[in-house]
Structure formats: C-alpha cells, structure tokens
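Chain order of the listed sequences is A and B. Per this note's numbering, residue 25 is the first one in the first sequence, and the count goes up by one each step. Per this note's numbering, residue 55 is the first one in the second sequence, and the count goes up by one each step. For reference, the structure is listed below as structure tokens.
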Amino acid sequence: MALLEVEDLSCRYGSITAVRDVDLVVDAGELIGLIGPNGAGKTTTLNGIAGLHPPAAGRVVFDGADITGAAPDALLRSGLALVPEHRRIFVDLTVEENLKVGGVTADRRTREQRLDELGERFPVLRAKWTTHAGYLSGGEAQQLAVARALMSSPRLLLMDEPTLGLAPTLVDTIFELVVALRDAGTTLLVVEQNASRLLEIADRAYVMRTGEVATSGTGAELLAQGDLFESYVGGGA
Amino acid sequence: MTELVQQLVDGLGRGSEYALIALGIAVMFGVMHLVNFAYGVLITVSGYAAFYVLDAGWSWWAAIPAIIGASVATSLVTELVAFRRVRGADDATMLLTSFGLFFVVSALFVMYVGPNVKNFERPSWVTNTVTVGSIRLEVFDLTTLGVTAVTLAGTAFLVRRTMFGISLRAAAADFDAARLMGVRSNRVIQGAFALAGLLAGIASVFILMRAGRTSPTFGETAMLKGILAALIGGLGSLSGAVIGGFTLGLVEVFLIARLPDDLVGLTNGIVFVLIALLFIFRPGGIVSVRHAERV
Numbered sequence: 025m026a027l028l029e030v031e032d033l034s035c036r037y038g039s040i041t042a043v044r045d046v047d048l049v050v051d052a053g054e055l056i057g058l059i060g061p062n063g064a065g066k067t068t069t070l071n072g073i074a075g076l077h078p079p080a081a082g083r084v085v086f087d088g089a090d091i092t093g094a095a096p097d098a099l100l101r102s103g104l105a106l107v108p109e110h111r112r113i114f115v116d117l118t119v120e121e122n123l124k125v126g127g128v129t130a131d132r133r134t135r136e137q138r139l140d141e142l143g144e145r146f147p148v149l150r151a152k153w154t155t156h157a158g159y160l161s162g163g164e165a166q167q168l169a170v171a172r173a174l175m176s177s178p179r180l181l182l183m184d185e186p187t188l189g190l191a192p193t194l195v196d197t198i199f200e201l202v203v204a205l206r207d208a209g210t211t212l213l214v215v216e217q218n219a220s221r222l223l224e225i226a227d228r229a230y231v232m233r234t235g236e237v238a239t240s241g242t243g244a245e246l247l248a249q250g251d252l253f254e255s256y257v258g259g260g261a
Numbered sequence: 055m056t057e058l059v060q061q062l063v064d065g066l067g068r069g070s071e072y073a074l075i076a077l078g079i080a081v082m083f084g085v086m087h088l089v090n091f092a093y094g095v096l097i098t099v100s101g102y103a104a105f106y107v108l109d110a111g112w113s114w115w116a117a118i119p120a121i122i123g124a125s126v127a128t129s130l131v132t133e134l135v136a137f138r139r140v141r142g143a144d145d146a147t148m149l150l151t152s153f154g155l156f157f158v159v160s161a162l163f164v165m166y167v168g169p170n171v172k173n174f175e176r177p178s179w180v181t182n183t184v185t186v187g188s189i190r191l192e193v194f195d196l197t198t199l200g201v202t203a204v205t206l207a208g209t210a211f212l213v214r215r216t217m218f219g220i221s222l223r224a225a226a227a228d229f230d231a232a233r234l235m236g237v238r239s240n241r242v243i244q245g246a247f248a249l250a251g252l253l254a255g256i257a258s259v260f261i262l263m264r265a266g267r268t269s270p271t272f273g274e275t276a277m278l279k280g281i282l283a284a285l286i287g288g289l290g291s292l293s294g295a296v297i298g299g300f301t302l303g304l305v306e307v308f309l310i311a312r313l314p315d316d317l318v319g320l321t322n323g324i325v326f327v328l329i330a331l332l333f334i335f336r337p338g339g340i341v342s343v344r345h346a347e348r349v
C-alpha cells in the first residue's frame, strides 16, 4: 500500500523551475532511493514534500490524505519527518536539548522514554549528552540529526544526503542505521550522492536529472543499464 | 567608598529596568530577527493603564497586575495585527513595520486621549531610604533590583529548562529546522511576544512608579535605552541583553556622578561615544552570538 504518493510535483525558485512533473510512490515499509547528479532537484523534491518549499503544482498524498503545501510542523504531527540537507542541528543547544526539540510533539513521559531508547541506540551521543551540538564531529552531528528526527517516531523518514562529508567508516555506520530503521518498520526515502552504495540496500530507486525523474527501478535493474545509468547519475556511481 | 556603593546600587537599579527591556527585545529578535521599535508601545500603553486604574481609585498593588496585563495583551495584539502579516519578510520590512506601529499608536493616543502629559500619584515609599552603616540606599533601587533578580531567574528557568524555552531557542537558531521538528511557529512566536510583554510590563511598573506620569510617546526613551542595551550586550544573546542593561545603567550613573557639573549635560553623548568605541573593538557586542552554520 502506498504510504506516499507524489503526482506531477513541480517546484519553482522565482521563474526557474527546479523540479518538473515528478511522480514518486513509496510503499509502507520500503526503503526508496532518490539519486542523481548535483542540481538534479533531489533536495527540492524532498523539501517540496516536507513543506519547506511549497510546490508550484502537483499533489502530495501521505497515508491517503492530501498534504500538498502543508506546514512542516503539521506534517511532522501526521508522521512525516525530514532530516534536512546540511543536518541543521541546533548548534547552541545541547545534544539532549536537540533531541527534546525532536520530541516536542510527544508528551513528557513518551519523550523521556524515547530519550532513553535513543541514548542506548546512539552511545556516541549518550556520551556527549550535555555537550553543545556545535562541538560535535561530522559523524556525531549526523547521528544527532537522525536521532532528533526519530524522536517523533515517524512513519516516513525523508533523509537528505545523510553521508555527505563523512569519513568512509562513518558512511558505513549511517548506511547500517538506514537498514536497521527499515528493518524496524520505518519507511524511508533517502537522497544520496553515493548512488551505488544506496542501490545495494534500497528496494527501489528513482533517478533524477535536470529536475525530472529520468528513470526508476530496483537497484539491479538500474545497474543493469550500465553506461546509460552512469550517464544519468553523472559518473561516480 | 560609601559613595561608590551608593552609585553601584543606583546604577544597578537603573540598569535593572534597561535589562528587563533589553531582554524582551532580545527574545523577540531571537525568534523573528526583528529589532522591535514598537516595544515602546508596550510601555506607553502600560502608562495609560496605570493612569486610568489609579484615576479610578485603585491602589498601586491592584494597579500592578493591570499594568503588566495591559503590556502582555498589547504585545500579543501587535503580533496578531502587525507582525504576523510581515513574518518571513525581509528585515527592513519588519523594521519599518515596527517603526510604523510605534508612530501609529502614539498618534492614536494623541487623537483619542490627548497630547498632554497625564500625571498620577506615585507610591509613597518610592522616595524612602534605608541606612546600612554609613550608606544610605533608596528602597526603590533595592526593590527594583530584587524583583529584577527574581524575574531574570524565572526567565532563565523558563528558557533553559522548559520545553517552551528549548523550542524558543531552537526556533531562534533555525526557524525552519524547528518547524520540521514539529515546533508550532505561531505558538512559539506568540509565546515570545507574551514573554517580551511580561518583561516590558514589569519594567514599566518601576518606570511608572518613578516617573508618576505618561504621555503618547512615553515609552520612547526606555525603548531606545533597551535597544541600546541589547546592542551593547550582543543582539540575539539573552544573557548579553541583561549584561548590556546593567552595564548601561552603571555607566550612566557613574558618568552623572563623576562628571564635572558643566559636562553632566553631555552624559548621553559620552555614552554614545563609548558605545561607538565598543563596536569598533567588539562589533558583535559584549557577548558575540554564534549563528547556526549554513553551508
């Protein structure tokens, strides 16, 4: 059953159309990749879905309800969370406070319970509970960004470039985390430059190019396209 | 020595008022990036609230909640009527809105209440003094200081420890990221305006007790001092605003007390020269604010 349906989504920056007629379907429990070269419109697509950049045209349906252009805080309440580009953790807040903001929609008891759970799951963060987030390393900051989004127990998690700027060992950690989340029942839509790594774990992927969906399919199908696929994602795949 | 302690208490008393106003300005700047020149409106409205309830025969004790309530209500109304409509607009638009609001409200008071200064009775204890050893201190300064200390401690608790405070700081650092976490923008901004109104209301009570009068532009001076204090402290920093307020109060009192008689009239001018010097060496104010990294 489709948890997220995106139909003919278009987003503009002034007179420039950054995303044109994008169609996406994410079924409950799936891990879906969104890949493509720089400037293909991946981030804009995620922001258009999550309410940060209201779409110029098209429809976004989440769990049967039309959420096109809804405010981010309303979407979060309906179960859709975004780990935004560049993480955007609150650098002047402590790790614990960042997580509390992530759990702002929960009641106090639930929030405390999730803090405990995430503290166990992310020992790196637990060790720096009262540290200001601005002092975290890139890998720690990324884990915080993900953990913060998990505080709301989202049904659909959108992730924008979760491995950007991370050392290879940390990239492994983040990919393991993504798989663990899917196995635990969270539906994920992940934007990633590291296309081949994502295709290894994703159920399906959409390839974007110059603002449009160029092709889609399972990892195996996309990789079988060989040179054609390489040309879509701009090499480096 | 005696003189120094007296001036210190006097300066801290005066600084308390500045600190409360500067803190309110910093709270609003934090969530909206707005230097709110309409903050003086809250003090002006508080002044008329004081005039009318005292005129109706209320005691000062009864007037205090009325003054603070008027300030909070006015703050929320300015948000609803004016600032909500320009939310997300560029900084210049919001700045002009705040200026406009100040002038419109002043004009409304001139038109419907009259341009004259309205006087009211000051509480009798305002001029009382207590003597500790050889030091004579004003009861009013001590009261202002005490109430300010409690208010600042309460605000610190609210901002540091409660979910509202954490959401407020998150929204101040990165508004969109906070909304992505589910922080309701209307609620956190209304909360900031209510808190700013509360702080302005408490400051107004002291300003009005001391002044015993109000007028259509009564809030202007206190507002400008509060904005200066917030700038000195480092705009956007809450602790900076408090430090800036006390610094400004102390510097003013020491200048007035220490300057030769024929130069006392230049106190404000000298204060501005000192502020200019501060900004040459520390452009961000005393407490520089680290802004959220935006790559």
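Even for Gly, the Cβ is constructed at its ideal location relative to N, Cα and C. Just so you know, these numbers come straight off a predicted model, no measurement behind them.
_Proximity of A/Val128 and B/Ser221 at Cβ, strictly below 8 Å_ = Taking the first residue of the first sequence as 1, we reach residue 128 of chain A at position 104. Taking the first residue of the second sequence as 1, we reach residue 221 of chain B at position 167. Against a cut-off of 8 Å, the Cβ pair of B/Ser221 and A/Val128 comes out as a contact.
*Closer than 9 Å at the beta carbon, the chain B residues around A/Leu58*: If you number the first sequence from 1, residue 58 of chain A lands on position 34. Correct list: empty, because the minimum Cβ distance to chain B is about 18 Å.
*Measure the alpha-carbon distance for A/Gly72 versus B/Ser258 and round it to whole angstroms.*
Start at 1 with the first residue of the first sequence, and residue 72 of chain A comes out as number 48. Start at 1 with the first residue of the second sequence, and residue 258 of chain B comes out as number 204. Roughly 46 Å separates the two Cα atoms.
*What did DSSP end up calling A/Leu190 once you bin it into helix, strand or coil?*
Working through the first sequence from its first residue, we reach residue 190 of chain A at position 166. A/Leu190 falls in the coil class under three-state DSSP.
*Give a yes or no on whether the minimum CB-CB distance between A/Phe86 and chain B is below 8 Å.*
Numbered from 1 along the first sequence, position 62 holds the residue referred to as residue 86 of chain A. For A/Phe86, the answer is no, since every Cβ of chain B falls outside 8 Å of its Cβ.
*9 Å Cβ cut-off: residues of chain A touching B/Ile28*: The shown model of chain B, from 55 to 349, leaves out residue 28 of chain B, and the question about it has no answer.
*asked:* Once DSSP output is grouped into helix, strand and coil, what is the label at B/Thr271?
replied: The count along the second sequence starts at 1 and reaches residue 271 of chain B at position 217. Here DSSP, grouped into helix, strand and coil, assigns B/Thr271 to coil.
*asked:* Tell me the DSSP secondary structure of B/Asn173 in three-state form.
replied: On the second sequence, position 119 is the one that residue 173 of chain B refers to. Strand at B/Asn173.
*Using a Cβ cut-off of 8 Å, pull out every chain A residue sitting near B/Val350, in sequence order please.*
Given that chain B is displayed from residue 55 to residue 349, the structure contains no residue 350 of chain B and the question cannot be resolved.
*Is A/Arg150 close to chain B, meaning its C-beta is less than 8 Å from at least one C-beta of that chain?*
Working through the first sequence from its first residue, we reach residue 150 of chain A at position 126. For A/Arg150, no CB of chain B lies under 8 Å from its own CB, so it is not counted at the interface with that chain.
*Limits of the beta strand (DSSP E) - the one that A/Arg44 falls within*: Mapped onto the first sequence, residue 44 of chain A falls at position 20. Residues Ile40 to Asp51.
_Please give me, in chain order, every unbroken run of the beta strand (DSSP E) with length at least 3 that falls completely inside the stretch 180-225 of chain A._
With a minimum length of 3 residues, the continuous beta strand (DSSP E) runs that stay inside the stretch 180-225 of chain A are 180-184 and 211-215.
_Taking 8 Å as the cut-off, does the stretch 52-65 of chain A touch the stretch 231-249 of chain A (at least 3 CB pairs, one atom from each stretch)?_
The stretch 231-249 of chain A is in contact with the stretch 52-65 of chain A.
*Can you find a C-beta in chain B that's less than 8 Å from the C-beta of A/Leu100?*
By one-based count along the first sequence, residue 100 of chain A stands at place 76. Yes, A/Leu100 counts as interfacial toward chain B.
_Short Cβ contact (8 Å threshold) for B/Ser293 with B/Val341_ = Along the second sequence, one-based indexing puts residue 293 of chain B at 239. Along the second sequence, one-based indexing puts residue 341 of chain B at 287. Cβ atoms of B/Ser293 and B/Val341: closer than 8 Å.
*Give the secondary structure of A/Ala17 by DSSP, where H, G and I count as helix, E and B as strand, and everything else as coil.*
Here chain A covers residues 25 to 261 and nothing more, so residue 17 of chain A does not appear.
_Looking at the strands, I want to know which residues DSSP matches up with B/Ile310._
Numbered from its first residue, the second sequence carries residue 310 of chain B at position 256. In the DSSP assignment, B/Ile310 is bridged to no other residue.
*Which listed residue (B/Ala330, B/Phe260, B/Arg223 and B/Ile324) has its alpha carbon closest to that of B/Val242*: As a working note, residue 242 of chain B is residue 188 in the second sequence. Closest in C-alpha terms to B/Val242, from the list B/Ala330, B/Phe260, B/Arg223 and B/Ile324, comes B/Arg223.
*Starting from the C-beta of A/Arg4, find all residues in its chain whose C-beta is less than 6 Å away, skip the five residues before and the five after it, and write them out in chain order.*
Look at the range of chain A in this structure, 25 to 261, and you will see that residue 4 of chain A is not part of it.
_If contact is defined by three or more beta carbon pairs under 8 Å, each pair taking one atom from either stretch, is the stretch 118-127 of chain A in contact with the stretch 166-175 of chain A?_
Using a C-beta cut-off of 8 Å, the stretch 166-175 of chain A makes contact with the stretch 118-127 of chain A, since at least three inter-stretch Cβ pairs fall below that distance.
*asked:* So the candidates are B/Leu191, B/Leu199, B/Lys172 and B/Ile297; which of them puts its Cα closest to the Cα of B/Phe272?
replied: Along the second sequence, one-based indexing puts residue 272 of chain B at 218. If we check each option's Cα against that of B/Phe272, B/Lys172 comes out closest.
*Can at least three beta-carbon pairs, one atom from the stretch 148-155 of chain B and one from the stretch 81-92 of chain B, be found at a separation below 8 Å?*
With the cut-off at 8 Å, the stretch 148-155 of chain B and the stretch 81-92 of chain B touch.
*In whole angstroms, what is the alpha-carbon distance linking A/Thr155 and B/Gln244?*
Indexing the first sequence from 1 puts residue 155 of chain A at position 131. Indexing the second sequence from 1 puts residue 244 of chain B at position 190. Cα to Cα, A/Thr155 sits roughly 29 Å from B/Gln244.
*Can you grab the Cα-Cα spacing for the pair B/Leu262 / B/Glu192, in whole Å?*
As a position in the second sequence, residue 262 of chain B is number 208, starting the count at 1. As a position in the second sequence, residue 192 of chain B is number 138, starting the count at 1. CA-CA distance, B/Leu262 to B/Glu192, rounds to 16 Å.
*If you draw a straight line from the alpha carbon of A/Ala130 to that of A/Val84, how long is it in whole angstroms?*
Along the first sequence, read from residue 1 onward, the residue named residue 130 of chain A stands at position 106. Along the first sequence, read from residue 1 onward, the residue named residue 84 of chain A stands at position 60. The alpha-carbon separation between A/Ala130 and A/Val84 amounts to approximately 25 Å.
*Got a sec: is the Cβ-Cβ distance from B/Val341 to anything in chain A below 8 Å?*
As a first step, residue 341 of chain B must be located in the second sequence, where it is residue number 287. False, the Cβ-Cβ gap to chain A never drops below 8 Å.
*Listing by chain order, which chain B residues have their CB less than 9 Å from the CB of A/Leu106?*
As a position in the first sequence, residue 106 of chain A is number 82, starting the count at 1. Within chain B, the residues near A/Leu106 are Leu234.
*Does the beta carbon of B/Phe153 sit closer than 8 Å to a beta carbon anywhere in chain A?*
Numbered from its first residue, the second sequence carries residue 153 of chain B at position 99. Chain A, which has no Cβ nearer than 8 Å to the Cβ of B/Phe153, makes this no.
*Who pairs with A/Phe86 in a beta bridge, going by DSSP?*
Locating residue 86 of chain A in the first sequence gives position 62, where the first residue counts as 1. A/Phe86 is bridged to A/Leu28 and A/Ala89.
*May I have the straight-line CA-CA distance separating A/Asn218 from B/Leu206, to the nearest angstrom?*
Sequence index remark: in the first sequence, residue 218 of chain A carries index 194 (1-based). Sequence index remark: in the second sequence, residue 206 of chain B carries index 152 (1-based). CA-to-CA, the gap between A/Asn218 and B/Leu206 works out to about 50 Å.
_Closest to B/Pro169 by C-alpha separation, out of B/Leu282, B/Ala161 and B/Glu175, would be which residue?_
Working through the second sequence from its first residue, we reach residue 169 of chain B at position 115. Of B/Leu282, B/Ala161 and B/Glu175, the residue nearest in Cα terms is B/Ala161.
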